[in-house]
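>
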Amino acid sequence: MVIKTDNTSYLTSSVYLTRNLWSGILFGLGLVAFIDETIFHQLLHWHHFYDKSTTDIGLISDGLFHAFSWFATIGSLFMVADLRRRNAFWLKRWWSGLMLGSGGFQLYDGTIQHKLMKIHQIRYVDNVLIYDVIWNIIATVMLLIGILLVFQTRTDERLLRGKSLNEQ
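Set out below in structure tokens:
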């Protein structure tokens, strides 16, 4: 990330830091939703987004889910293009958002949609627990990596701006 030395504008302003983070979050949401839709819905046929109705309704719900994943992904890439144009793209901060978005979506899917709302399971087998545990552990690991990267970029930002770590 390029930092200008004049006082007119820092490329690490909170606007750009937030935009880097949110573009990563949107991309992470879209990416994991796309992978879920492609692998588990279309290739393996383990479930549909909404399994409490007919197969036709399940396929329609899959289509809407797929559209959401693409809108999130494409929207995030427009944000990245804008950040790059402004020379304000910070890859590490973006990766923190990607991991937060991916892990957040997957944990939401594994807990809220699978267990609370019960709109579908990962796979319809006798012992679904192993699938649930693996799914949610992966989500938690992604979230923890994202949180770690957010804290690292906050520290990097303070150091780049010349502030001591004790001033916050």
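Quick note: the sequence shown uses the numbering used here, first residue 12, plus one each step.
We treat Cβ as the ideally placed atom computed from N, Cα and C, and that holds for glycine.
All figures in this text were calculated on a predicted structure; none of them were measured in a lab.
#1: Taking the straight line between their C-alpha atoms, what separation do you get for Y220 and L94?
#2: Check this for me: beta carbons of G121 and A150, under 8 Å apart or not?
#3: Distance check for W106 and M153, CA to CA, integer angstroms please.
#4: Report back the beta-carbon spacing between W33 and M90 to the nearest angstrom; my notes put them in contact at under 8 Å.
#5: Of the choices L127, Q124, H131, S25, whose alpha-carbon is the least far from that of L70?
#6: Is Y135 helix, strand or coil by DSSP?
#7: Taking the beta carbon of A44 as the centre, do at least 16 other beta carbons fall within 10 Å, making it buried, or is it exposed?
#8: Is the distance from the Cβ of I133 to the Cβ of D143 below 8 Å?
#9: Use the C-beta contact count for D47: other C-beta atoms within 10 angstroms, 16 or more gives buried, fewer gives exposed.
#10: Tell me whether the beta-carbon of N147 lies closer than 8 Å to the beta-carbon of L102.
Per the coordinate set shown:
#1: Because the chain here runs from 12 to 179, residue 220 falls outside it and cannot be looked at.
#2: A contact, by the Cβ cut-off of 8 Å.
#3: The alpha-carbon atoms of M153 and W106 are separated by roughly 11 Å.
#4: That belief holds up - the Cβ atoms of W33 and M90 are roughly 7 Å apart, short of 8 Å.
#5: By alpha-carbon distance to L70, the top candidate from L127, Q124, H131, S25 is H131.
#6: Secondary structure at Y135: coil, using DSSP grouped into helix, strand and coil.
#7: Counting Cβ neighbours within 10 Å, A44 comes out buried, since at least 16 surround it.
#8: Cβ atoms of I133 and D143: closer than 8 Å.
#9: The residue in question, D47, is buried, as its Cβ has 16 or more Cβ neighbours within 10 Å.
#10: No, the pair does not count as a contact, with Cβ atoms beyond the cut-off.
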